[in-house]
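Undergrad:
Residue numbers (our numbering), protein chains in the order written: chain A, 1 to 429; chain B, 1001 to 1429.
(1) Please name the residue or residues paired with residue 165 of chain A in a DSSP beta bridge.
(2) Using a Cβ distance threshold of 8 Å, determine whether the segment 1033-1049 of chain B contacts the segment 1374-1388 of chain B, with at least three qualifying pairs required.
(3) Give me the DSSP bridge partner(s) of residue 394 of chain A.
(4) Using a Cβ-Cβ cut-off of 7 Å (strictly less than) and excluding sequence neighbours within five positions of residue 30 of chain A, which residues of its own chain qualify?
(5) Please list the partners that residue 1072 of chain B has in chain A, where partner means a Cβ-to-Cβ separation under 8 Å.
(6) When the Cα atoms are used, what is the spatial distance from residue 268 of chain A to residue 306 of chain A?
(7) Given that a residue counts as buried once 16 or more other Cβ atoms are within 10 Å of its Cβ, and exposed if not, what is residue 1389 of chain B?
(8) Is the CB-CB distance between residue 186 of chain A and residue 159 of chain A below 8 Å?
(9) With respect to the alpha helix (DSSP H) encompassing residue 1098 of chain B, which residues constitute its N-terminal and C-terminal limits?
(10) State the Cα-Cα distance for the pair residue 461 of chain A and residue 163 of chain A, rounded to the nearest angstrom.
(11) Under three-state DSSP, which class holds residue 430 of chain A?
(12) Can you list, in chain order, the residues of its chain whose CB lies under 6 Å from that of residue 1207 of chain B, leaving out five sequence neighbours each side?
(13) Assign residue 311 of chain A to buried or exposed, taking buried as 16 or more other Cβ atoms, counted over all protein chains shown, within 10 Å of its Cβ.
(14) Would you identify the three-state DSSP class for residue 323 of chain A, choosing helix, strand or coil?
(15) Indicate the three-state DSSP secondary structure (helix, strand or coil) for residue 1011 of chain B in the structure shown.
(16) Is the Cβ-Cβ distance between residue 416 of chain A and residue 340 of chain A less than 8 Å?
(17) Grab the span of the alpha helix (DSSP H) containing residue 1148 of chain B for me, first residue to last.
(18) Going by CA-CA distance only, name the one from A:215, A:64, A:124 that's closest to residue 171 of chain A.
(19) From which residue to which residue does the alpha helix (DSSP H) around residue 82 of chain A run?
(20) Just checking: is the beta-carbon of residue 1112 of chain B within a distance shorter than 8 Å of some beta-carbon in chain A?
(21) For a contact meaning CB atoms closer than 8 Å, what does residue 1293 of chain B contact in chain A?
(22) Quick one: what's got a C-beta closer than 6 Å to residue 80 of chain A's C-beta in the same chain, skipping five residues either side?
(23) When you check each C-beta in the segment 1346-1378 of chain B against every C-beta of chain A, which residues fall closer than 7 Å?
(24) Taking Cβ-Cβ distances below 9 Å as the criterion, which residues of the segment 1048-1073 of chain B are in contact with chain A?
(25) Could you round the C-beta distance between residue 133 of chain A and residue 181 of chain A to whole angstroms and report it? I think they count as a contact, below 8 Å.
(26) For the putative contact between residue 322 of chain A and residue 402 of chain A, defined by C-beta atoms under 8 Å, what is the C-beta separation to the nearest angstrom?
(27) Using a Cβ-Cβ cut-off of 6 Å (strictly less than) and excluding sequence neighbours within five positions of residue 315 of chain A, which residues of its own chain qualify?
(28) Could you check if residue 224 of chain A is buried or exposed, using at least 16 other CB atoms within 10 Å of its CB as the buried criterion?
(29) Helix, strand or coil: which one does DSSP assign to residue 66 of chain A?
(30) When the Cα atoms are used, what is the spatial distance from residue 320 of chain A to residue 1350 of chain B?
(31) For residue 169 of chain A, which option in A:362, A:147, A:74, A:209 has the closest C-alpha, if you only look at C-alpha atoms?
(32) Helix, strand or coil for residue 1342 of chain B, going by three-state DSSP, please let me know.
(33) Report buried or exposed for residue 1367 of chain B, applying the criterion of at least 16 other Cβ atoms within 10 angstroms of its Cβ.
(34) Can you list, in chain order, the residues of its chain whose CB lies under 8 Å from that of residue 280 of chain A, leaving out five sequence neighbours each side?
(35) Can you tell me whether residue 1226 of chain B is helix, strand or coil according to DSSP?
(36) Buried or exposed, going by whether 16 or more other CB atoms sit within 10 Å of the CB of residue 428 of chain A?
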């Protein structure tokens, strides 16, 4: 592997010609591959097909407390569903609301409620303030940023470091600016970096001084049990840390089974202080008579306990780990040593985050598109779709088959090389 | 049957003594009966148990368009789900959004969106206006009124007449007051009166002049296929009428399968003009990746077509019609001819609306409670829980068994008689 950045113009021109020839050949193949979204593959979904048979016309359809799961009622979820998720998230059953089929919905609605009614009794509705700002550790999750755009919340970019967001930046900002009301975090196997926040980061989040007393951490624990190795990352419990720091209402934890059972047919969950949960329930009672209890019962009877859930997640890992390995091996063999890109090997989650040379991400994505490979849009991992260094690309390896993925990664690596050489050549002119 | 209102004081005192004796005996029975909410009974829910077996691990899990119903996607519902509901509601597939498990949720979120973003592009967010008012035909559905209270929308009471709300009142109000932005309607087998709006009422709604150009009719068509007789009421299609009158964006139609299949495990739906639907979808895309498609497929494969749905609804009717008859017979035999109450015999829906003598409803409800029978709170059918004549009580006959219902109606009728006699005696003193 030769370092592209030390090649002469002539050498680069030669490399460029070779790459271009390969690229044109690839285009002729008329590929149609998709690495754009973090979707489970069909064989992952098959793992939960048994859940479809778990209740039937002949099954008892009562919950543990006698509730007929086919009828109205149960605003915040069945007791056994709350118990199950409280075990997963290490919070108490009183600190949980079971939602519908999506944690995104819970996050959106939580922001909507804050806009309309404030984050708790006696707090100002954010919509009444001249300006509301959120901190956005970036690269991050595009759908978080979309929620901010929808509600006209100004997004302030914060850098991601190796153990989480840059806490020096964050502490300074929240201490100075009362209009900063929230922050989006994916604290475990982060989207897209695959980073898990360190204990120190969690503690600093829990104890930092915020000028806004209605500041809230939107803690999207989407990948909490989504390990890729036998030595999974561990995330410190932020609700406990917040309580210890005297800021127990500060954090709102979101999670779901979307990538455990069925994406779009799973269960979303919100965990927070009892105080927050009581407040949300009061407002929620005007919105719904309660989430689908049949689907709760399906989940609970399918898994029974957290041990079975762990076993189930190992099956997921055995399907997707080879895909992650494929991506990492391709990156290593095609990009490694060339000094034209960097990436992190995650211990879990759904993504591999790739950084090109500055200014190359958009080119790579559009080249790949030309060759029939769809990637997450360059910039999508940043607020307002603007990656200031135009370098981050989120690779989503789970959905394609291993064979498709190999082909797609060939295209990707070729595009990275081509875009890099073109950039380097331009710089030398 | 003697008319209580023509009895002498002495006669009334005698009747009072007899009733009181019966009442005290009833209290000793320690009954615990509930006629408070419009819930299906367990045997009604049993009718849909087959839906639980309709998909299993071995069933093809693709929708008609090839969508894997276990994975992400499908913001506004599967094509076959939209087609099914468009047949029920007589609108086109482009005029439909399939929601989650509850139409209440859709109604709440529609109001929330209007508050935050306005009812369409270019319209003012209602939350930015000094005052927003809704018209509330009353008696009506308490959960509609709760949504208004939540969003601090001022409610203006409008009388219900025999063929729908008082349109003279409504036309005058909406023409004069720009802050009146909406109205709640249950147009078919209305809650609680069981009235179906006449064609004239529908046409007047569609064509009336409103001072607010962002005025919206919240048309909660909850009981559209919930007939109790072989000669069901017919409701004129308001979306068509609105189009003909040049007001196609005016109406928002809500419905659900909550009282068709499973309450809380059904499917909610919103129908409106294509223009409105496009706007909602744009906002919805930030809130969710889409509703549970597995439950859509369950419903579609269970019913297949609207004819089977009709057959299914006849089975519901055969279970609940005897309960409605029981209530009506008891009212006739115990209250009829005494000039102390009035009621309407509905052709469908979930309720019988009973009017006591003025000023007696609260007393009846609290007496019944004392005797172990829970009724919907008096006043609940009016905005702010305030029934100006304190006379309306909503009877919900579906959930209790026929035997329980008979006992509960004995208590109810006794309480009505007792409260009436006490009122009449007080007036004579």
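Ideal Cβ positions, reconstructed from N, Cα and C, are used throughout, including at glycine.
TA: So, from the data block:
(1) Under the DSSP definition of a beta bridge, residue 165 of chain A partners with A:160.
(2) Three or more Cβ pairs drawn from the segment 1033-1049 of chain B and the segment 1374-1388 of chain B lie within less than 8 Å of each other, which places the two stretches in contact.
(3) According to DSSP, residue 394 of chain A bridges with A:353.
(4) Excluding residues within five positions, the ones whose Cβ falls inside 7 Å are 372.
(5) Scanning chain A for C-beta atoms nearer than 8 Å to the C-beta of residue 1072 of chain B yields 37, 39, 258, 263, 264, reported in chain order.
(6) When rounded, the distance between both Cα atoms is 17 Å.
(7) Residue environment for residue 1389 of chain B: exposed (fewer than 16 other C-beta atoms within 10 angstroms of its C-beta).
(8) Contact flag unset, no.
(9) It is not in any alpha helix (DSSP H) - residue 1098 of chain B instead sits in the beta strand (DSSP E) that spans 1096-1098.
(10) An answer regarding residue 461 of chain A cannot be provided, because it is not within the stretch 1 to 429 covered by chain A.
(11) Residue 430 of chain A is absent from the structure shown; chain A starts at 1 and stops at 429.
(12) Closer than 6 Å at the Cβ level, and outside the excluded window around residue 1207 of chain B, lie 1245.
(13) The residue in question, residue 311 of chain A, is exposed, as its Cβ has fewer than 16 Cβ neighbours within 10 Å.
(14) Helix.
(15) Residue 1011 of chain B falls in the helix class under three-state DSSP.
(16) Remark: C-beta atoms of residue 416 of chain A and residue 340 of chain A approach each other more closely than 8 Å.
(17) Counting along the chain, the alpha helix (DSSP H) containing residue 1148 of chain B begins and ends at 1142-1150.
(18) Looking at the Cα atoms, A:215 is the closest of the given residues.
(19) Counted as a single uninterrupted DSSP element, the alpha helix (DSSP H) harbouring residue 82 of chain A occupies residues 79-89.
(20) So, interface residue.
(21) Those are 264, 265, listed as they occur along chain A.
(22) Beyond the five residues adjoining it in sequence on each side, residue 80 of chain A comes within less than 6 Å, by CB distance, of 64, 300 in the same chain, given in chain order.
(23) Answer in chain order: no residues at all.
(24) The residues in question are 1048, 1049, 1050, 1051, 1052, 1053, 1055, 1056, 1057, 1058, 1059, 1061, 1068, 1069, 1070, 1071, 1072, 1073.
(25) The Cβ separation is near 7 Å, so the contact holds.
(26) 6 Å between Cβ atoms; contact.
(27) Answer for residue 315 of chain A: 47, listed in chain order.
(28) When all chains shown are included, residue 224 of chain A counts as buried.
(29) Coil.
(30) Distance between the alpha carbons of residue 320 of chain A and residue 1350 of chain B: 50 Å.
(31) Residue A:209 is the option with its Cα nearest to residue 169 of chain A.
(32) DSSP places residue 1342 of chain B in the strand class (E or B) of the three-state scheme.
(33) Residue burial is scored here from C-beta neighbours: residue 1367 of chain B has at least 16 other C-beta atoms within 10 angstroms and is therefore classed as buried.
(34) Sequence-distant partners of residue 280 of chain A (beyond 5 residues in either direction) whose C-beta falls short of 8 Å from its own C-beta, in its chain, are 97, 110, 113, 270, 272.
(35) Three-state result, residue 1226 of chain B: coil.
(36) Per the 10 Å Cβ criterion, exposed.
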